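Step one of this worksheet: look at the structure below.
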Amino acid sequence: MNVLTAVDVICTVFRLGKGSHLKRHQTTMRSLNLIAPLVLVAASLGAATASPEAITLHRFEYIDENGQYTDASHDQSIWTTSPPQHAALRVQAVQGSAELPEPQPGHVARRPGQPGVRLFVESDPPGLTFHPGEQNSDWLTNGDGLFELIVPVPSHAGDYRFIFRTVDPSVHTLVLSISVKSPNWLLWLLLGMLGGLALFLHGMQLGSDGLQEAAGSRFRETLHTLTGRPIRGVMVGTVATIFTQSSSATTVMLVGFVRAGLMNLRQTFGPIFGAAIGTTLTVQLLSFKIQAYSLPLMAVGFLLMFFARRSPRTVAVGKIIFGFGMIFFGMAVMGEVIEPLKSSPAFRELIARLTSRPTWCLIVVTLFTALIQSSGATIGIALTLANQGLIDLHQSLPIIFGANIGTCVTAILASVGGTVEARRVAFAHLVYKVASVALFFFWFMPDVLAWMATQVSGLMAALLPSVPFLADTTARRMANADTIMCVGSAILAVLFFQTPLEKIVTWLIPSAPGGEKGEGRAKYLDLALLESPSLAIGSAVREISRMGRLTEEMIIRSHEAFEQRDVETLSWLKRRDDKVDRAFHRINTFLTRLTAQNPGKEVTERAISLLYVINDLESVGDLVDKILVPIVHKMIDQDLHLSEAGMGEIRNLHAQVRDSMAKSMVALTTPGEEELLDDVITRQEEMNVMGRRLHLNHLRRLQEGLKESIESTSVHLDLVNYLLRMHYHIYSIAWTVAHGVSEHGETP
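Structure, rendered in structure tokens:
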């Protein structure tokens, strides 16, 4: 009895009419009407004239008339969007003992066939029109063992199957298909992919929001207090990324903390390393094939959100469940859209060409991830391709690497316009990711990483064979590769890379010449902190303190300009008032946006109090610029001088104002200094009494006929009134800081 060997194939042939031959087939394959002409798989079928053991199924490879080597081993269907009039499906009955001869250039290499084998063909759906070729009119294979089925290609889009069999039950049936696509099928495929991706991203956002709401409103406020040590920082970064579902979101928070002065560069390294680990947990979850549970999860999550509106925590849990259900539903949608591409040689060739050039693949994926700003979504698409059998583990590694680098763009964008330290945090994230990828991308490391991921996946499947989620699949291996890379990189970075990383980013982002003064922009405000009301209030206080220092310096220099009659100092005061005005507008906008988010009664009242404070500070600056500067200019132009007694009174009054300003600013930013506010509030009544006394003293000097007092009477009284008005605004600041706005304006 002959030993069974294999089946010969199917040559995919598109025919425009009866009697087409191979050369005409080649011309048709090049036509623009065909998106992806496929080579159909050949099979041998049992023959009535031969023993059953002599016929078997086998795929084969051939060389076309141009000498082009073609692999038909994976293709069993014809794809077309503008179908020809007819298509020819060819199968070949093969004798098992026959061997494939060495092909000659320009000739088709065929295995010797088995002639006279009767074939039976059925269509699915039934009722399709088809008939045998000219050489197979009796439904028998010809002298070469070939059988050609002529099929008028249907005009409606869909998949049409043709089932070949023989009378021999031991021979497997061979199923060939024609996949007819609508002219705009590619557009619908892209829209379907975008729709699935939109569901995926929206689900991630919902899940992230729910996790943060369930964790409580002070979740972010506590993060910056837990990063004192590197290991603890890694744990904090991991937990934060689990809650935000995005390593880039965690890094953006860190950038905000640094911009607000809550953390320094070195403190952010641990959370940055941990953020990469947190992302891998999301990828691990995505690798489980639980798409079938996506709709039940969404149903449960919706019911919790709908029927538990009075319980914020329950609503948050509902968001989490609904969001994760939407993530897997989005993956299911993308998988269903991509599934037909499994039989497309053109798409397979595109994937093969892209993944065969790992560097270019990494660059393309990096740009794509930067565009959608989600490494999880990019890897989710890669997992979908893996589940459809379109990529293997080695082909997926450049995609994983590119996703890890592309996610850094979000933090870099968040740092634009920030402090040097904030920009360094964003670039530290980028440098760390690039170094991690470089470690596993070059030399023999991709093979080592793939081997480790395969071993872990196989071990888990062997230890828990009854758990279908842990089956050894390409998707599970991809998730394990991502986890191994991120965890390994984090361990090495904590042990050896922190000091070099700090030096690298400091070299990449040098400090501004002469240090970063930051007077022209906000140093501590960051819109990202608006999502953390307590941190936002703290940052606003620090920025108000900077504004207060600018104003206090104006008070000091204004008296110097008055006594020294310095025109340059007067110009400096006008420029400084412009900076105070800009600071006022920035802080006012920040606090207004904070209150618009309804952060709670306590935070809202605190924000309104701070709005009162900056309004008074801005008024103090305006008094210097709009009143004092013109008074001094007038004294210089008209050569006016105060009397010696009058000058002493102005000095004393100015010292009282300056002291009250310093105490108010210290009390604003320093807990436990309430007695300083009491001093300022009590002094206000004393200042009113002092003002009346100074007016009387000046009138007496006028009665005595002092020349200086007579000549300078207008500017002298203006100076007294100006300093008293300035102190009232400072008193208002102290009262607001001490008592809030509920009793604002009442005199104690």
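Anchor point for the sequence shown: position 129 equals 120 in the numbering used here, and the numbering is continuous, going up by one each time. Heads up, the beta-carbon is just placed ideally off N, CA and C, and yes, glycines get one too. Since the structure is predicted, the reported quantities are computational estimates derived from the model, not experimental observations.
Where Leu631 sits in the DSSP three-state scheme: Locating residue 631 in the sequence shown gives position 640, where the first residue counts as 1. Three-state result, Leu631: coil.
Assuming Asp463 contacts Gly479 under a Cβ cut-off of 8 Å, what Cβ separation, rounded to an integer in Å, is found between them? Along the sequence shown, read from residue 1 onward, the residue named residue 463 stands at position 472. Along the sequence shown, read from residue 1 onward, the residue named residue 479 stands at position 488. In this structure Asp463 is not in contact with Gly479, their Cβ atoms being roughly 21 Å apart against a cut-off of 8 Å.
Check this for me: beta carbons of Ala552 and Val623, under 8 Å apart or not? Along the sequence shown, one-based indexing puts residue 552 at 561. Along the sequence shown, one-based indexing puts residue 623 at 632. Taking 8 Å as the Cβ cut-off, Ala552 and Val623 qualify as a contacting pair.
Please look up how many angstroms separate the CB atoms of Leu668 and Ala729, rounded, as I've assumed it's under 8 Å. Translated into positions along the sequence shown, residue 668 becomes position 677. Translated into positions along the sequence shown, residue 729 becomes position 738. That pair is a contact at about 4 Å.
Could you tell me if Glu695 is buried or exposed, where buried requires 16 or more neighbouring beta carbons within 10 angstroms of its beta carbon? Translated into the one-based positions of the sequence shown, residue 695 becomes position 704. Glu695 should be labelled exposed.
Cα-Cα separation, Ser88 to Val112: Here residue 88 refers to the residue found at position 97 when the sequence shown is read from its first residue. Here residue 112 refers to the residue found at position 121 when the sequence shown is read from its first residue. Legend: pLDDT at Ser88 = 47, less than 50; position of this residue unreliable, value from coordinates given subsequently. For the pair Ser88 and Val112, the Cα-to-Cα distance works out to about 26 Å.
Among Ser278, Leu276 and Ser530, whose alpha-carbon lies nearest the alpha-carbon of Met254? Mapped onto the sequence shown, residue 254 falls at position 263. It is Ser530 whose Cα lies nearest to the Cα of Met254.
List the whole-angstrom C-beta distance separating His77 from Val144, where the pair is believed to meet the contact cut-off of C-beta under 8 Å. Indexing the sequence shown from 1 puts residue 77 at position 86. Indexing the sequence shown from 1 puts residue 144 at position 153. Right, their Cβ atoms sit about 7 Å apart.
Are there three or more Cβ pairs, one per stretch, closer than 8 Å when the segment 376 to 385 is compared with the segment 453 to 469? Yes: at least three Cβ pairs fall under 8 Å.
Strictly by DSSP, which residues pair up with Val496? Position 505 of the sequence shown holds residue 496. Its beta-bridge partners do not exist; DSSP assigns none.
Residue of Leu245, Arg533 and Met451 minimising C-alpha distance to Thr660: Counting from one through the sequence shown, the residue named residue 660 turns up at place 669. Minimum Cα distance to Thr660 is reached at Arg533.
Quick check on the burial criterion: 16 or more other C-beta atoms within 10 angstroms. Buried or exposed for Ser610? Indexing the sequence shown from 1 puts residue 610 at position 619. Buried: at least 16 other Cβ atoms inside 10 Å.
Met545 and Val648: beta carbons closer than 8 Å? Start at 1 with the first residue of the sequence shown, and residue 545 comes out as number 554. Start at 1 with the first residue of the sequence shown, and residue 648 comes out as number 657. No, Cβ-Cβ distance for Met545 and Val648 is not below 8 Å.
List the residues that DSSP assigns as beta-bridge partners of Arg109. To locate residue 109, count along the sequence shown from 1; it is residue 118. Leu131, per the DSSP bridge assignment.
Counted within 10 angstroms of its Cβ, other Cβ atoms place Ile672 as buried (16 or more) or exposed: Here residue 672 corresponds to residue number 681 of the sequence shown, with the count starting at 1. Result: buried.
Please classify Val328: is it buried, with 16 or more other beta-carbons within 10 angstroms of its beta-carbon, or exposed? Stepping through the sequence shown from its first residue, residue 328 is reached at position 337. Looking at its Cβ environment, which holds 16 or more other Cβ atoms inside 10 Å, Val328 is buried.
Is there contact between the segment 348 to 356 and the segment 310 to 324, where contact requires at least three CB pairs shorter than 8 Å? Inter-segment contact for the segment 348 to 356 and the segment 310 to 324 is absent: fewer than three beta-carbon pairs are separated by less than 8 Å.
Determine which residues share a DSSP beta bridge with Pro621 and list them. Sequence index remark: in the sequence shown, residue 621 carries index 630 (1-based). Note: Pro621 is not bridge-paired with any residue in the DSSP secondary-structure output.
Among the residues of its own chain, which have a CB less than 6 Å from the CB of Gln555, if the five just before and after it don't count? Here the question's residue 555 lines up with position 564 in the sequence shown. Within its own chain, no residue has a Cβ closer than 6 Å to the Cβ of Gln555 once the five positions on either side in sequence are excluded.
For Arg152, does the three-state DSSP call read helix, strand or coil? Against the sequence shown, residue 152 aligns to sequence position 161. Three-state result, Arg152: strand.
Taking the C-alpha atoms as reference points, what is the distance between Ala79 and Leu332? On the sequence shown, position 88 is the one that residue 79 refers to. On the sequence shown, position 341 is the one that residue 332 refers to. Spanning the two alpha carbons is a distance of roughly 22 Å.
Flag this pair as yes or no: are the beta carbons of Gly265 and Ala481 separated by less than 8 Å? Counting from 1 along the sequence shown, the entry for residue 265 is found at position 274. Counting from 1 along the sequence shown, the entry for residue 481 is found at position 490. Contact: yes.
Extract the residue ranges of the alpha helix (DSSP H) inside the segment 311 to 365, only unbroken runs of 4 or more that lie entirely within it. 336 to 346 and 349 to 363, all fully within the segment 311 to 365.
Helix, strand or coil, according to DSSP, for Glu640 in the structure here? In the sequence shown, residue 640 corresponds to position 649, counting from 1. Residue state, collapsed to three classes: helix.
Of the listed residues Thr398, Val171, Glu593 and Phe121, nearest to Phe153 (C-alpha basis): As a first step, residue 153 must be located in the sequence shown, where it is residue number 162. Sorting Thr398, Val171, Glu593 and Phe121 by C-alpha distance to the C-alpha of Phe153 places Phe121 at the top.
Buried or exposed (CB count within 10 angstroms, at least 16 for buried), Gly591: Position 600 of the sequence shown holds residue 591. By the 10 Å Cβ count, Gly591 comes out exposed.
What number of angstroms, rounded off, separates the C-alpha of Phe422 from the C-alpha of Thr273? By one-based count along the sequence shown, residue 422 stands at place 431. By one-based count along the sequence shown, residue 273 stands at place 282. A quick correction: the sequence has Val, not Phe, at residue 422. Approximately 23 Å between the Cα atoms of the pair.
Should Gly149 be labelled buried (16 or more other beta-carbon atoms within 10 Å of its own) or exposed? Within the sequence shown, numbered from 1, the residue matching residue 149 stands at position 158. Exposed, because fewer than 16 other Cβ atoms sit within 10 Å of the Cβ of Gly149.
Along the alpha helix (DSSP H) that carries Glu596, what are the first and last residues, could you check? Within the sequence shown, residue 596 is the residue found at index 605, counting from 1. Run containing Glu596: Lys592 to Leu614, per the alpha helix (DSSP H) assignment.
What does the alpha-carbon distance come out to for the pair Arg339 and Thr375? Position 348 of the sequence shown, counting from 1, holds the residue named residue 339. Position 384 of the sequence shown, counting from 1, holds the residue named residue 375. Cα to Cα, Arg339 sits roughly 15 Å from Thr375.
Which residue comes first and which comes last in the beta strand (DSSP E) that contains Leu167? The residue labelled residue 167 in the question sits at position 176 within the sequence shown. Per DSSP, Leu167 belongs to the beta strand (DSSP E) from Leu165 to Val171.
Is the Cβ-Cβ distance between Leu110 and Phe155 less than 8 Å? For the purposes of this step, residue 110 is taken as the residue at position 119 of the sequence shown. For the purposes of this step, residue 155 is taken as the residue at position 164 of the sequence shown. Their beta carbons are under 8 Å apart, which means Leu110 touches Phe155 by this criterion.
Tell me Phe138's beta-bridge partners as DSSP assigns them. Here residue 138 refers to the residue found at position 147 of the sequence shown. Val82, per the DSSP bridge assignment.
So, for Ile312: in the same chain, excluding its five sequence neighbours on each side, which residues have a beta-carbon less than 7 Å away from its beta-carbon? For the purposes of this step, residue 312 is identified with residue 321 of the sequence shown, where counting begins at 1. Only Leu288, Val291, Gly292 and Leu295 meet the Cβ criterion.
Cβ shell of Ala574 (< 6 Å), same chain only, five flanking positions each side left out: Locating residue 574 in the sequence shown gives position 583, counting from the first residue. Contacts found: Met538.
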